[in-house]
Structure formats: structure tokens, C-alpha cells
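Oh and the sequence shown: position 229 is 229 in the UniProt record's numbering, straight run, nothing missing.
Glycine included, C-beta positions come from ideal geometry on N, C-alpha and C.
Just so it is clear, the structure is predicted and the values come from calculations on it, not from any experiment.
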Amino acid sequence: MRCRSPSKGRAALQRLQALESPGTASLIHLDVTDDTTIAAAVAQIETEHGHLDILVNNAAIGRAGETDTRKAMRECFDTNATGPAMLGYAFEELLGKSRDPMRRIVNVSSGAGSVGMMFDPNRRAVTGLGRTVRTRPSPFPLLVGLTRFDADDILQIPYQASKAALSMVSAQQSLDFAPHGVKVLCWNPGFTVSDLGPFNKVEHGAKPVEVAVRPLVEILEGKRDAEANVFLSEDGGKYPW
């Protein structure tokens, strides 16, 4: 399990170990925006295991409410698109050394990054400086207890654009890594409890993590491999790119 903050990572690891599930878990310090920690993580995994079977790129930031649009764009792209791209290429050799037929990369994305959905007449949207002003329905369920303008802050242009970029990263790396037998999939977990932003709470309609990850397990087990070149949605379907 990789983490940017060692203290938060240790707390998460303790919660995971308390479940007493089969297998083992350990902690690796890794910041997707820091090439030094990426290189150190690759070296550590190579030393301890010699290969890598699965890489799940889940790191993301939203920067909801940020008033400096350039800063928000730069930071969102660095974490949400550039980071997963760098990790994929950094771990390419170790993934290629895996003998697991399920070896793969899963990039955790968002329906907010679907360009096709932006032009869907059932999801009318117009863009403004730094955010999107939209009408329902949206790729998220109804956000309980929020005004329309509160909800709009979730779908800022920096976050949306960076997740759209992640789709291209996934598509390109799926071609790059195919000769090694490594699949690259892009998946949206839906509106889930997380630290992404102030609205990702159960009281606002977000799904508990243990519910949101169930479809991910199916992807890791290869049950959706026939759809490897599409944008997988949380409900077993797919989104337009």
C-alpha cells in the first residue's frame, strides 16, 4: 500500500490489518508528484519481490473551491494525470516480470472526465472560468443537503480536464504495455466516501468504500477483461471517453 503521508498511511494500514483478512499488507512511502519517491518505491518492490502483479492508481485531488485556476489546473494534472503516467512507466519493467496472468494497471478515474458525457443532451453543461455550471442529472447521485451551486463546485474544470487526460494515459499505456501482456484499464468507482473534497461524505450520498471497491475486485480478477479498451463504470457498464 503506497501513501504520500506516512502517518496517514500507518493509520490506514492499521485499519486494514484489523480486518484480519487473508494475505499481508505493508506500507511504501510514495508521492506521485515526486520522482524521487517513485524511484525509491520501484527499488523497494524490486528488492523485496522482484516483480509487480497489479498497480492501482488511486491518488487524486479535486481542488474544489480553489480561486487560482492556473494553480488548480497545474496541481490537478500533476497528481491526477501525470502521476499515474509516470508510475505506469516506472513500474513497466516490474510488471513485465510478473508471471501472473492477471497482471495489470487500473487507473481510477471519474465520470466527470468523460468528454462524451459533457455533450450528452441528458447532461446539459456549460463551462465557466474554473468550474462547470450544470443541470441535473450528473455522473454523481443527488448530493443530499447541498444547494445546486454547492454541488457545482465538485465538477471544476481542473479536475474534469485532468481526469479526461487520464483516459488518454490509459489508452496509450494499454497499447504500450500490451507486448508485455500487461492490461491497462480505466475505471470510475462513482461517488465514494473519500478525502477528495468536503462533499465526499455519506450524508451527501457518497457510497461507503467497502461498497465502492466491489466492482474493482471483479476488474482485478479479470472478469471485465473483454472491455479492456473502454472506460468502465461502477455499475458494470461503460462511459463514453
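Between which two residues does the beta strand (DSSP E) carrying Ile105 extend? Per DSSP, Ile105 belongs to the beta strand (DSSP E) from Arg104 to Val108.
Count the other CB atoms within 10 Å of the CB of Thr67; is the residue buried (16 or more) or exposed (fewer)? exposed
Check the DSSP bridge columns for Cys186 and list the partner residues they point to. Asn107 and Phe231
I need the DSSP call for Asn200, collapsed to helix, strand or coil. Coil.
Would you mind working out which of Val184, Gly113, Gln156 and Cys76 sits nearest Leu95, comparing C-alpha positions? Val184
Let me check understanding here. Comparing Cα to Cα, which of Met86, Gly236, Lys207 and Asp120 lies closest to Gln172? Met86
Contact check, Val115 vs Asn58, beta carbons under 7 Å: no
Where Lys207 sits in the DSSP three-state scheme: strand
If you draw a straight line from the alpha carbon of Gly237 to that of Pro215, how long is it in whole angstroms? 11 Å
How long is the line joining the alpha carbons of residue 243 and Asn122, rounded to whole angstroms? The chain is shown from 1 up to 241; residue 243 falls before or after that span and cannot be answered.
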